[in-house]
Each structure stands twice: as C-alpha cells, then as structure tokens.
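One structure is given below, encoded as structure tokens.
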Amino acid sequence: MEASNRKVVFLSRRAFGRRRDSRAGDAEEARIAAALATRDPEAIAVVSERFGRFLGGFLGEALPDRGSAEEVLQQVLVEVWRRGPEYDPSRASLLTWMMTIARSRAIDERRRRRPEPVEPELVAAAVEEPPEAETDELLERWRVAELLTRIPHEEATMLRLRFYEGLAQPEIAARMGMKLGTVKSRMVNALARLRDLIEEEEGR
Amino acid sequence: MNRRELAAAYLLDSLDEVERAEVERRLSGDAELRAEVEATRALTTRLEALSGPAWPEVGAAVSAGNPASTGAGAPATSEPAAGARSGSESGSGRGWRVRPVFALASLFLVAALGFGLGALLTGGDSTRPAPAIVLRPLVPTGSEEATVAMPAPGEMLFTAEGLPALKSGQYYEIWLMSSASRLVPVASFRVGPDGHAQIRVPLPAAPTSYRYFDVSRQQVSEGTDHSADSVLRGSTS
Chain U
69 MEASNRKVVF
79 LSRRAFGRRR
89 DSRAGDAEEA
99 RIAAALATRD
109 PEAIAVVSER
119 FGRFLGGFLG
129 EALPDRGSAE
139 EVLQQVLVEV
149 WRRGPEYDPS
159 RASLLTWMMT
169 IARSRAIDER
179 RRRRPEPVEP
189 ELVAAAVEEP
199 PEAETDELLE
209 RWRVAELLTR
219 IPHEEATMLR
229 LRFYEGLAQP
239 EIAARMGMKL
249 GTVKSRMVNA
259 LARLRDLIEE
269 EEGR
Chain V
43 MNRRELAAAY
53 LLDSLDEVER
63 AEVERRLSGD
73 AELRAEVEAT
83 RALTTRLEAL
93 SGPAWPEVGA
103 AVSAGNPAST
113 GAGAPATSEP
123 AAGARSGSES
133 GSGRGWRVRP
143 VFALASLFLV
153 AALGFGLGAL
163 LTGGDSTRPA
173 PAIVLRPLVP
183 TGSEEATVAM
193 PAPGEMLFTA
203 EGLPALKSGQ
213 YYEIWLMSSA
223 SRLVPVASFR
233 VGPDGHAQIR
243 VPLPAAPTSY
253 RYFDVSRQQV
263 SEGTDHSADS
273 VLRGSTS
C-alpha cells in the first residue's frame, strides 16, 4: 500500500474512547469500512473495540455457554476481516452487516450442538422456538443497544432508569436531580431520536 | 409535537388526561399516527427486554450532589455492566497489542485478539464468586439499604439496614422481578425499631432469569399482589 493511502485510512484507536454523536458516528463508520476494504492491519482491532460489546453481547445471549460464544465471536471477526471488501454502506450500517454475519454463525452453532439434558419438568414448560426467531429478536435488541450510544448519554440514562430499572418519571427526576418536566421532554426526545436512527437504517 | 414525539409521549405516559384522550381519539382515524405508535411500542418492548450489559453505564450522567452520583441510588452502577467494561466507549481494547502480521487472516486475529475476546463476553474473570447485589431506595428517605448474597447454590442471604418502621398490618416482601407482570415472591418479613432484617431462604427461581430484586411495602388487607410501593431495588446483573 502507498504511504499516502495508508495515512488516509489510519485509524486512531483513542477516538473510540469518546461517546459519539450521530454525525461523528457516520464519519467513524466510514473510516472503519474503508480500513476493512483495504485490509488495514489495525482494522479488526478497531472493530473489536468499537463494536465488540454488541457482537459479544449478542453471541453471549444467543449461545448457551461462554466457550461456544467465544469461538463463534472469533469466527465472526475472521469473516468480517475476510469479507471486508464486500461491505456496501448503501445497503446497511456496518454494525448491521456484522450482526448479520454473527446471526448466521450463531444459528449454525445452535443447530450443530446436540440438545443438553434437562430436568423433566422443564421439558414440559419449555416452548421450542426455531433458532432463527429467537436469534433474530436478540439481534434486534443488540442493535438497539448500539443505537443507545448514539443519543446523548443523559437521555440514554433516563431510558435505562425507566426501562431497565423500572423507575417512574418522578423517581427518575429525583434520582437525576432534574425537574419532572425536563425529564419528560428529554425522554420523548430520546425515544424519537432512536426512532429516527432506526428509520435511517431501514431506509438504506 | 410531531407524530413521532406524540407517539413517544403517549407511550411514556407523559401526556396529561386531556392530551391523552385527544391522542386516543386521533388513533382511530390517523393511520400514520397508529403506525408510529406501534413502531414505538415495538421499540419500547425491546428496551424493556435489554439485559444489563446492553445498557450504557449510568454513573457519568447523574448530577453531583444527588445520592446516585456516589453510586448509592443507582444500583446497576455499583458494578459496571459486564459488556460495558469490555468493548464500549471505556475502551478496554486499549490493552490489546495489535501487531501487523502479513500472514493468513486467521493467524493475525488469534495473535491480535488473544484472551481479550473473553472479556467481550463476560467483562472479566468468571472464576471469582459473584459479588453481593446491593439494593438501594428508589426515592431515598433515610439510610435504608440491603444486600443479597448467595451463600450456597440456590440460596439467598438478604440483609437490610435502616428500613422504615411499619404500621400495623404492613410487612415487607422481597421479589424477583422483571416487570409488573413478570415477578415471583421470595420472602416476607418485618423489621425491628433499628430497621434491620436478615433472612436466608432457598430461592424460588434463578436470579439471572429476572432483572432485579425488589422490596415492596405490603398491606395484609390488600392481598398478596405486588403493592406497587417499591422501597428498594437492585439489578441482578
């Protein structure tokens, strides 16, 4: 690779320690995609740093044990590296593309594994879903998890307090030291922003 | 508000009675508003289903001077979510050494990523015993706090301090809970004048199957359903 080309695609790993807004995120994603396309040696390390939590989180929940999730994560990253030049940003975001690869490898792994023995009362209670349906739902959740990093942290925090910790808006206002009206309007903004980001992704 | 904001406000229950009635009147005739409400409802369902590690950490966003800024009121931040430690903006990947290798891509990845992949999945050493779960007040009124430890597989040791005194006919109930419709009672108890209680019981379900431990204040006369008067809560993740 020419020295000048290498400079263009060089990625600063320090950049991925900062919270990013949506526009900065697009530029960052474009740099990563360019690095994957040229097989920049730093690219996969940067991918892991930026997206590893979401890929690893998805696989950790999609697969029954840590060992198989680790193995599949390695497979996914190898495949992302190998297929980097194929990624087309006009069709999907980088994370969506990588999650699609992760989804396929997770489903392959679940189909490959032999059923684990379970207690008889659990067999009666279990509802057997096809691996694709459950995996697809997990994938959508982790996509939403990544979108939460693209809205202001304060708004993401409010959503966490509401939807994960189960607090009502007056409790959130007390916890965050804010007026109730401010919390209400910020939470409306947060949900609306997430909807915008989802729509932007679906429009590709 | 535009339709998107209106749908968000409606589902967040941020509208007053008049505004809410107006939205419900519009829903029957406004297909676009209906579609937006349904799409936003799908989003909120996914947000409710997100596990602890999927959420950004809370700490930095809570204002100084609020008890939660010290971690006291934000149970989930006393131990950062496993996924958040490993690959998020906190950048645990800084510890990985990446050496350019002009060989097969798989060999490069094994050398570059090494043990760090495990951290992406669990956020740390899985051989350490799980730390105690801290339950903190939803709205602090004093120094009430509780911890849940697992002294043996399937058993819980619950220790509470500073719980408010109860009136006649009241008691506290410990729950494993994910939502108002998905919860299981664990144990009932009262406290003495010092607000202290300690209970060791077998758990009716695996804590990891639920989002948090919750302590509610119940009235004997009002039955055994959750009273919606939660006093303490702590994340199980």
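If you read the protein sequences in the order shown, they are chains U and V. Counting in this note's numbering, the first sequence tops out at residue 272, every number present. Counting in this note's numbering, the second sequence tops out at residue 279, every number present. Even glycine gets a Cβ: it sits at the ideal position worked out from N, Cα and C.
- From the listed residues U:Leu163, U:Ser158, U:Thr217 and U:Pro132, the smallest Cα separation to Ala174 (chain U) is found for U:Pro132.
- Taking C-alpha positions only, Arg83 (chain V) is separated from Ala73 (chain V) by approximately 15 Å.
- Per DSSP, Arg67 (chain V) is one residue of the alpha helix (DSSP H) stretching across Glu59 to Leu69.
- The residues Ala137, Val140, Leu141, Ala170 and Ala174, in chain order, have a CB closer than 7 Å to that of Leu127 (chain U) in the same chain once the five nearest residues on each side in sequence are set aside.
- In the three-state scheme derived from DSSP, where H, G and I count as helix and E and B as strand, Ala270 (chain V) is classed as coil.
- Minimum Cα-Cα distance from Ala105 (chain U) among the listed residues U:Gly120, U:Gln143, U:Leu229 and U:Pro157 corresponds to U:Pro157.
- Around the CB of Arg179 (chain U), fewer than 16 other CB atoms lie within 10 Å, so the residue is classed as exposed.
- For Val140 (chain U), no CB of chain V lies under 8 Å from its own CB, so it is not counted at the interface with that chain.
- A Cβ-Cβ contact shorter than 8 Å links Leu199 (chain V) with Pro193 (chain V).
- Flagged as an interface residue toward chain U: Thr82 (chain V), by a C-beta distance shorter than 8 Å.
- Beta-bridge annotation (DSSP): Thr189 (chain V) is paired with V:Val176 and V:Thr201.
- Sorting U:Gly234, U:Ile219, U:Tyr232 and U:Trp165 by C-alpha distance to the C-alpha of Arg254 (chain U) places U:Ile219 at the top.
- Distance between Glu203 (chain V) and Ile216 (chain V), taken at the CA atoms: about 14 Å.
- Proximity to Glu222 (chain U) across U:Gly152, U:Ala201 and U:Lys252 peaks at U:Lys252, based on C-alpha coordinates.
- Using a CB distance below 9 Å, the part of the segment 196-227 of chain V facing chain U consists of Met219, Ser220, Ser221 and Ala222, ordered along the chain.
- DSSP, reduced to helix, strand and coil, places Ser172 (chain U) within a helical segment of the structure shown.
- Ala201 (chain U) sits exposed, since fewer than 16 C-beta atoms from the chains shown fall within 10 Å of its C-beta.
- For Pro246 (chain V), the nearest beta carbon of chain U is not closer than 8 Å to its own beta carbon.
- The Cβ atoms of Ile241 (chain V) and Ala229 (chain V) lie closer than 8 Å to each other.
- Using a Cβ-Cβ cut-off of 8 Å, Ile169 (chain U) does not count as an interface residue toward chain V, since no Cβ of chain V sits closer than that to its own.
- Chain U places no beta carbon closer than 8 Å to that of Thr183 (chain V), leaving this residue out of the contacts.
- By the criterion of at least three beta-carbon pairs nearer than 8 Å, the segment 84-97 of chain V is in contact with the segment 201-216 of chain U.
- Contact between Val273 (chain V) and Ser258 (chain V) holds, since their C-beta atoms are separated by about 6 Å, short of 8 Å.
- Separation of the CB atoms of Ser277 (chain V) and Arg253 (chain V) is rounded to 7 Å, and the pair is thereby assigned contact status at 8 Å.
- If you draw a straight line from the Cα of Leu259 (chain U) to the Cα of Phe119 (chain U), it comes to about 22 Å.
- Pairing Ala51 (chain V) with Val79 (chain V) gives a Cβ-Cβ distance that is not under 8 Å.
- Taking 9 Å as the upper bound on Cβ-Cβ separation, chain V lies near residues Met255, Val256, Asn257, Ala258, Leu259, Ala260, Leu262, Arg263, Asp264, Ile266 and Glu267 of the segment 254-272 of chain U.
- Proximity to His238 (chain V) across V:Leu208, V:Gly265 and V:Arg88 peaks at V:Leu208, based on C-alpha coordinates.
- If you ignore the 5 residues before and after Ala241 (chain U), its C-beta comes within less than 7 Å of the C-beta of Lys247, Leu248 and Val251, all in its own chain and listed in chain order.
- Within the segment 196-217 of chain U, those residues whose Cβ lies closer than 7 Å to any Cβ of chain V are, in chain order, Glu208, Arg209, Trp210, Val212, Ala213, Leu216 and Thr217.
- Rounded to the nearest angstrom, the Cβ distance from Thr201 (chain V) to Thr183 (chain V) is 19 Å, too far for a contact under 8 Å.
- Listed by position along chain U, the residues whose Cβ is nearer than 7 Å to that of Ala51 (chain V) are Val256.
- Against chain V, the CB of Leu163 (chain U) has no partner CB under 8 Å away; the residue lies outside that interface.
- Residues of the segment 89-100 of chain V whose Cβ lies closer than 9 Å to any Cβ of chain U, in chain order: Leu89, Glu90, Ala91, Leu92, Ser93, Gly94, Pro95, Ala96, Trp97, Pro98, Glu99 and Val100.
- For the 8 Å CB-CB criterion, Ser161 (chain U) and Glu270 (chain U) do not form a contact.
- By the C-beta density criterion, Arg275 (chain V) is buried, having at least 16 other C-beta atoms within 10 angstroms.
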